[in-house]
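Q: One structure is given below, represented as structure tokens, and several questions about it will come after.
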Amino acid sequence: MQGRWLDGVDELALLVGITNTDFAVIDASPGFLRFNGCDLQAVLGRSLEQVLTGGAPPEAISRSAQKDVRDFCRRACGTTAMPPLPGSGGGGVAEAAGEAVAVQPVARSDDELHTVLSMLGLCRLQETRCALVVQAPLGKGPFVRTPKKERQKITEACRRSLCDIRHRLQVGARELGPEQKAKDSKSKYLDKLQPHHTGTLSHAVAEIPAFGFYRQRLQSHCVLSNGGLTATRREEDELHSGCLVFSDRPVPLSNKGLEFTLRIEGVSTCFDGFPMIGFTRRQPADHIGLYPDLALCLGQSVLVGTRCQASARDRHEHFEVGFKPPPQEEVQTWSLPAPQAHQAHQKLRAGDIVTCVYTYEGRVQFWLNNEIMLDFDVGRPVVPSSEYYAVIDVCFTVASVTLLPTAGAQEETLFRSECDSPKMKRLQE
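Numbering of the sequence shown is given in my numbering, commencing with residue 1 and proceeding in unit increments.
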């Protein structure tokens with residue numbers, strides 16, 4: 001039955017089934033078939049890699065993009081987001097993932113080469129986990145280059161299309177009965193695919209943390225699992241960043257100020273440095289400007305970590321970094337002198353516990369296994385009447401983290417009753 005899932009989709013779209021060993025196309029939209037000048041049977045069952053780069057000269061194909069696509073299918077759509085560690089709450093099947101983007105040349109049926117941008121997103125159809133691919137042609141030829149701002153517009157348009165198509169597919173899948181599914185001619189492809197496992201909170205996380213990770217829009221290499229409490233960076237040995245995450249609600253106040261706790265679930269031996277953690281007064285929202293180019297350029301933020309440093313930015317908008325470091329009037333930074341930094345720096349390991357504290361007096365602290373590693377006075381006291389969101393850049397050495405309950409959060413109710421005290425009023429002023 002041609003185009004059962006993607007019938008009526010004018011955009012260039014593919015549905016890819018995920019198995020342990022293969023990523024095969026299980027449906028293609030009429031828009032994709034028209035652009036490529038082929039019929040559905042010529043596409044069904046082919047590997048995604050063949051479809052995305054078929055007929056292109058080898059020297060024009062991006063190997064890094066191919067690797068990213070394979071890693072996305074395996075870890076964001078498959079069942080190996082992050083292998084669970086013994087006694088840890090990490091790992092599990094991906095429940096949300098940032099979209100992957102690949103720009104590759106491809107030959108149509110008339111042998112004409114085009115450069116095409118492909119965006120991949122996780123899609124669940126009944127009990128089946130798939131990758132949904134939406135494409136945008138960039139132009140004729142194998143080496144088409146587009147300006148940065150134009151590429152951003154095209155990428156954002158693809159994301160809107162992907163979200164819309166995914167919503168329609170998932171609504172349709174819920175309405176499709178099992179008898180109709182069994183009669184479908186594509187069932188021979190669907191039968192081999194990985195079942196979708198509903199995300200559950202690991203027993204190792206005995207209490208529920210005060211917040212989870214914001215998931216409506218994720219960075220390209222971010223995967224959430226474990227009930228939305230674990231964030232994992234894909235391709236952790238190739239890329240040192242790409243997994244900046246926020247809390248999905250304001251961090252509760254305690255008698256210390258603001259704090260949250262993480263357990264490190266996975267590390268990379270290819271990079272060196274602490275994660276960048278802290279707080280922002282910007283509420284995360286699903287818009288194109290959610291993420292800065294670099295974590296330290298995040299608007300209205302106070303951060304600590306990386307290479308034994310801290311940063312603060314007061315303006316709401318992110319700072320757009322160029323080839324030079326941000327000026328101090330835009331992003332104020334502090335760092336330990338070299339001897340102290342060498343002494344404070346430690347290799348992080350899976351199982352380590354990291355706590356970030358932002359005190360009412362304006363100090364931001366990085367704690368490791370109940371020992372304070374970094375402590376900077378950033379000169380910006382916590383404003384109790386404001387809402388602050390947690391910021392975690394899963395970068396450098398750290399490849400995966402899980403949120404843990406914070407003892408200080410349990411004191412929120414008691415502390416809220418003290419916010420009208422003379423001391424708190426002076427801090428707010």
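Ideal placement from N, C-alpha and C gives every residue a C-beta, glycine not left out. Fair warning: this is a prediction, and the values are worked out from it, not measured in the lab.
Would you call the CB atoms of residue 363 and residue 264 closer than 8 Å?
A: In the sequence shown, counting from the first residue as 1, residue 363 sits at position 363. In the sequence shown, counting from the first residue as 1, residue 264 sits at position 264. No. Outside cutoff.
Q: Should residue 195 go down as buried or exposed, given a rule of 16 or more other Cβ atoms within 10 Å for buried?
A: Sequence index remark: in the sequence shown, residue 195 carries index 195 (1-based). A caution first: residue 195 carries a pLDDT of 40, below 50, which makes its placement in the model unreliable, though a value can still be read off. Residue 195 comes out exposed.
Q: Can you list the alpha helix (DSSP H) stretches of 4 or more residues lying completely in the stretch 297-378, in chain order?
A: 338-344
Q: Taking just the CA atoms, how far does residue 377 sit from residue 313?
A: By 1-based counting over the sequence shown, the position of residue 313 is 313. By 1-based counting over the sequence shown, the position of residue 377 is 377. One C-alpha to the other measures close to 14 Å.
Q: Tell me, please, whether the stretch 386-394 touches the stretch 274-286 by the rule of three or more beta-carbon pairs shorter than 8 Å.
A: Counting Cβ pairs under 8 Å, three or more are found: they touch.
Q: Quick one: what does DSSP say residue 247 is sitting in, helix, strand or coil?
A: Counted from its first residue, the sequence shown places residue 247 at position 247. Residue 247: strand per DSSP, three-state reduction.
Q: Short of 6 Å in beta carbon distance, which residues of its chain neighbour residue 294, apart from the five on each side in sequence? Order them along the chain.
A: Locating residue 294 in the sequence shown gives position 294, counting from the first residue. Excluding positions up to five away in sequence, the list reads 321.
Q: Okay, do the stretch 231-239 and the stretch 57-72 touch, 3+ Cβ pairs below 8 Å being the bar?
A: yes
Q: Between which two residues does the beta strand (DSSP E) carrying residue 135 extend?
A: The count along the sequence shown starts at 1 and reaches residue 135 at position 135. First-last of the beta strand (DSSP E) with residue 135: 128-140.
Q: Starting from the C-beta of residue 259, find all residues in its chain whose C-beta is less than 8 Å away, skip the five residues before and the five after it, and write them out in chain order.
A: Here residue 259 refers to the residue found at position 259 of the sequence shown. Excluding positions up to five away in sequence, the list reads 251, 355, 356, 357, 358, 406, 408, 409.
Q: List the residues that DSSP assigns as beta-bridge partners of residue 389.
A: Position 389 of the sequence shown holds residue 389. Note: residue 389 sits in a beta bridge opposite 280.
Q: Using the Cα positions of residue 174 and residue 18, report the straight-line distance between them to the nearest angstrom.
A: Sequence index remark: in the sequence shown, residue 174 carries index 174 (1-based). Sequence index remark: in the sequence shown, residue 18 carries index 18 (1-based). C-alpha separation (whole angstroms): 20 Å.
Q: Please report the distance separating the alpha-carbon of residue 380 from that of residue 158.
A: One-based indexing of the sequence shown puts residue 380 at position 380. One-based indexing of the sequence shown puts residue 158 at position 158. If I take the Cα positions, the gap works out to 40 Å.
Q: Decide yes or no for the touch test of the stretch 91-103 against the stretch 214-222: beta carbon pairs closer than 8 Å, at least 3 of them.
A: yes
Q: Compute the beta-carbon to beta-carbon distance between residue 168 and residue 123, rounded to the nearest angstrom, for a pair I have assumed lies under 8 Å.
A: Locating residue 168 in the sequence shown gives position 168, counting from the first residue. Locating residue 123 in the sequence shown gives position 123, counting from the first residue. With a contact defined as Cβ atoms closer than 8 Å, residue 168 and residue 123 miss out at about 11 Å.
Q: Who are the near neighbours of residue 111 in its chain, counting only those whose CB is closer than 6 Å to its CB and skipping five residues on each side?
A: Here the question's residue 111 lines up with position 111 in the sequence shown. Hits under 6 Å: none found.
Q: Specify the secondary structure class of residue 380 as computed by DSSP and reduced to three states.
A: Translated into the one-based positions of the sequence shown, residue 380 becomes position 380. Coil at residue 380, not helix or strand.
Q: Specify the secondary structure class of residue 233 as computed by DSSP and reduced to three states.
A: Numbered from its first residue, the sequence shown carries residue 233 at position 233. Residue 233: strand per DSSP, three-state reduction.
Q: Write down the C-beta distance between residue 340 and residue 311 rounded to the nearest angstrom, noting that I regard them as a contact closer than 8 Å.
A: Stepping through the sequence shown from its first residue, residue 340 is reached at position 340. Stepping through the sequence shown from its first residue, residue 311 is reached at position 311. Contact annotation, residue 340 with residue 311: C-beta distance approximately 18 Å; criterion of less than 8 Å not satisfied.
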